[in-house]
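Trainee: Take this structure first; my questions come after.
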Amino acid sequence: MPTSPTPQLDDALREDLDDVDQLIRAGEFEPLHDWMTEHVHRHGQRYPADELIERATGEPLTAEYFVEYAEAKFGDPYGV
2 MPTSPTPQLD DALREDLDDV DQLIRAGEFE PLHDWMTEHV HRHGQRYPAD ELIERATGEP
62 LTAEYFVEYA EAKFGDPYGV
């Protein structure tokens, strides 16, 4: 299990919404909030974390997204 499912959720969110970075730069957080509410928050604790991630992203929880995130963030500065 990855340290954090956040990169996997981020990827799914970016697939569903147009230009997430521009929305953030413009301070337009409502579409992001709505996506998270629809796909994650409305379920509360109804599902275990791995099932919730699969429901939100359409694929089982995987370390792949976290590894890609960590390599991009820490790879160059630390030579990883």
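Counting in this note's numbering, the sequence shown runs from 2 upward without gaps. Beta carbons: idealized from backbone N, C-alpha and C, even for Gly. Since the model is a prediction, treat every value here as computed from it, not as a measurement.
Can E13 and T58 be called in contact, C-beta distance under 9 Å?
Mentor: By 1-based counting over the sequence shown, the position of residue 13 is 12. By 1-based counting over the sequence shown, the position of residue 58 is 57. In the sequence under discussion, the amino acid at residue 13 is Ala, which differs from the Glu named in the question. For A13 and T58, yes; Cβs fall inside 9 Å.
Trainee: Residues in the same chain with beta-carbon distance under 8 Å from L24, minus the five sequence neighbours each way, listed in chain order, please.
Mentor: Here residue 24 corresponds to residue number 23 of the sequence shown, with the count starting at 1. For L24, where only same-chain residues beyond five positions count, the Cβ hits under 8 Å are L18, F30, P32 and L33.
Trainee: Is DSSP giving Q9 helix, strand or coil here?
Mentor: As a working note, residue 9 is residue 8 in the sequence shown. Three-state result, Q9: helix.
Trainee: For P49, is the classification buried or exposed, using 16 other Cβ atoms within 10 angstroms of its Cβ as the cut-off for buried?
Mentor: Residue 49 sits at position 48 when you count from the first residue of the sequence shown. Exposed, since its Cβ has fewer than 16 Cβ neighbours within 10 Å.
Trainee: Report the CB separation of E69 from P8 in whole angstroms; it is logged as a contact under 8 Å.
Mentor: Numbered from its first residue, the sequence shown carries residue 69 at position 68. Numbered from its first residue, the sequence shown carries residue 8 at position 7. Going by Cβ atoms, the distance from E69 to P8 rounds to 7 Å, so yes, they are a contact pair.
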